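Below: one structure, written as structure tokens.
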Amino acid sequence: MERLPERLMTPARLILQAAVRAKVPAMLVGGAAVSLNGSKRFTKDLDVNVASFHFLTQRSRFGPPALPKEFSVRKVSATRLNATYMHPLEAIRCDMSTNHATVLPSLMPYTRQLGHIRYAACNLLLADKIRTYGDRWNGIKLASDLEDIVFSVGLMMDRGERMPHMLRQLILTSDVLDSFRTALPESERLLFKSFLADVGIGG
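In this note's numbering, the protein residues as written are 77 to 279.
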């Protein structure tokens with residue numbers, strides 16, 4: 077397990093602490109979670125899945141705001157919110173999503189914790205990356221998504237782990253797997269089919 081750079085640790089901790097205080101399920105996903113699982117790849121922002129935005133957008137008349145003044149919070153859509161943390165040297169973008177709010181409580185057992193930072197464990201991270209890759213289809217992040225998938229499968233194989241049934245049921249549905257395979261370059265589809273089968277995905 078690795079630590080994030082301090083510039084990312086601070087905003088991640090503040091956001092996730094605020095969620096815990098409000099009893100809102102939340103976890104770090106994306107590149108930062110990949111790093112916390114041991115990958116050496118560089119990431120410059122944060123992705124957080126939350127069950128609700130209410131703890132950030134509704135301020136009590138008598139209590140302090142959920143996040144300190146270093147954050148600038150902007151709602152992007154009904155399911156996406158951006159909280160920019162003004163680090164002394166740079167602005168850290170923290171993208172938050174409620175896209176998977178209904179299943180988030182069921183996913184919490186597949187997380188790990190470092191201090192106050194709760195993040196997706198390797199198996200949940202792999203399932204989420206497969207779904208994300210199939211949804212993206214094109215874009216600059218496709219290559220890093222595949223790198224993260226290869227890293228996560230390798231880590232699970234090293235540990236002798238297989239994809240839990242619950243994650244296959246909640247995330248890796250047949251539609252999600254079909255979208256992932258279709259989005260892959262045709263020359264790599266058989267390779268990834270075999271690769272994922274080694275950790276109990278597809279078949």
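For each residue, glycine too, the CB sits at the ideal point set by N, CA and C. Since the structure is predicted, the reported quantities are computational estimates derived from the model, not experimental observations.
Assigned exposure category for residue i - 16 Cβ within 10 Å defines buried
i    : result
R79  : exposed
R207 : buried
A273 : exposed
A102 : buried
A282 : Residue 282 falls outside the range modelled here, since the chain spans only 77 to 279, and no answer is possible.
T174 : buried
G278 : buried
M232 : buried
8 Å CB neighbourhood of residue i in its chain, flanking five on each side removed
i    : result
H130 : A98 and V100
A94  : F131, L132, A142 and L143
L122 : L84, P87, A88, I91, L104, G106, A108, I168, R169, C170 and D171
S220 : G107 and R117
Bridge partners - residue i, DSSP secondary structure assignment
i    : result
D171 : D123 and N158
A102 : V126
T187 : A196
Coil, strand or helix - residue i by DSSP
i    : result
F147 : strand
R117 : coil
V275 : coil
M233 : helix
L80  : coil
K217 : coil
E223 : helix
R265 : helix
L165 : coil
T21  : Limits of the chain in this structure are 77 at one end and 279 at the other, which puts residue 21 out of reach.
R238 : coil
V96  : helix
A109 : helix
Own chain, CB closer than 6 Å to residue i, minus 5 neighbours either side, in chain order
i    : result
F147 : A159 and Y161
S115 : F227
I247 : A203 and R207
Boundaries of the beta strand (DSSP E) in which residue i is found, first to last residue
i    : result
Y209 : Y209 -> not in any beta strand (DSSP E); alpha helix (DSSP H) instead, spanning C198 to R212.
Neighbourhood of residue i by C-beta, 7 Å cutoff - its chain only, sequence neighbours within 5 removed
i    : result
L243 : Y186, N199, L200 and A203
Opening and closing residue of the alpha helix (DSSP H) in which residue i lies
i    : result
R257 : S250 to A259
M242 : H241 to L246
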